[in-house]
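In what follows, a structure is listed as structure tokens, so that the remarks can point back to it.
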Amino acid sequence: MAELSTVARPYAEALFGAARDDKAGLAAWAELVGELAQVAANPDVREAMTDPRLDDAQRGQVFTSLVKSPLPQAARNFIDLLVQNDRLLLLPSIATQFVDLKNRHEGTAQAEITSAFEMSDAQVNELIAALEVKFGLKLKPHVTVDQSLIGGVRVAVGDQVLDTSVKAQLARLRDTLAA
Numbered sequence: 002m003a004e005l006s007t008v009a010r011p012y013a014e015a016l017f018g019a020a021r022d023d024k025a026g027l028a029a030w031a032e033l034v035g036e037l038a039q040v041a042a043n044p045d046v047r048e049a050m051t052d053p054r055l056d057d058a059q060r061g062q063v064f065t066s067l068v069k070s071p072l073p074q075a076a077r078n079f080i081d082l083l084v085q086n087d088r089l090l091l092l093p094s095i096a097t098q099f100v101d102l103k104n105r106h107e108g109t110a111q112a113e114i115t116s117a118f119e120m121s122d123a124q125v126n127e128l129i130a131a132l133e134v135k136f137g138l139k140l141k142p143h144v145t146v147d148q149s150l151i152g153g154v155r156v157a158v159g160d161q162v163l164d165t166s167v168k169a170q171l172a173r174l175r176d177t178l179a180a
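First residue of the sequence shown? That's 2 in the working numbering, and the numbers climb one at a time after it.
Now the structure itself:
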């Protein structure tokens, strides 16, 4: 998987550079790139894009016809570049890296919060406020429920993970007792 992200990185950085200078703004580009990634992730589209009977122009035309949003010329050029370099199917990885670059530029980060139980908006806001102080970033929460945690929460911000779940505490206790 690391190889795909390594190949996708220069494309994400180039797209981010172009989007940062575009009057449409980073948010509009992030939405468009997300849509492109969804189209590219579709199994039928993936199969069609690898069909040897299609040439590059046909691949680009088929792909752009599947995108519902209007495509600016810069996006069309980017899609053509990906088709020519046989990298169109990297769009999901490119989109992930694009959003990471956008967040870093804005001083924000995605906080993946996994809770053992459903959290109210007030609980999420309280947790995010405390985490923003800890990380020094404006956090955008994405909350999921995983009952296997038994209790507590696990928070991932970038490559940092805070795991205060009962499951993690029990695992640490087991490791301590086994040592």
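Ideal Cβ positions, reconstructed from N, Cα and C, are used throughout, including at glycine.
Between the options, which has its C-alpha nearest residue i's C-alpha?
i      : options                          : result
LEU132 : ALA112, ASP122 and HIS143        : ALA112
LYS141 : LEU150, THR165, ALA76 and ASP122 : ASP122
PHE17  : GLN170, ALA76 and ASP56          : ALA76
ILE129 : ARG54, PHE118, THR109 and ARG175 : THR109
VAL154 : VAL34, ASN43 and ALA117          : ALA117
GLN74  : THR165, TRP30, LEU150 and VAL158 : TRP30
Hey, does residue i have any beta-carbon neighbour from chain D nearer than 7 angstroms?
i    : result
LEU5 : Absence of chain D from the displayed structure is noted, only one protein chain being present.
Classify residue i as helix, strand or coil using the three-state DSSP reduction.
i      : result
ALA110 : strand
SER94  : helix
SER6   : helix
Going straight from the alpha carbon of residue i to that of residue j, what length do you get?
i      : j      : result
SER6   : SER94  : 6 angstroms
GLY152 : ALA58  : 53 angstroms
LEU163 : THR65  : 41 angstroms
VAL134 : GLU32  : 28 angstroms
GLN124 : ILE114 : 12 angstroms
| request: Would you check if there are 3 or more beta carbon pairs closer than 8 angstroms linking the segment 23 to 30 to the segment 80 to 87? | output: no
| query | Where are the alpha helix (DSSP H) runs, 4 residues long or more, that stay fully inside the segment 41 to 109, in chain order? | reply | 44 to 50, 57 to 67, 74 to 85 and 92 to 107
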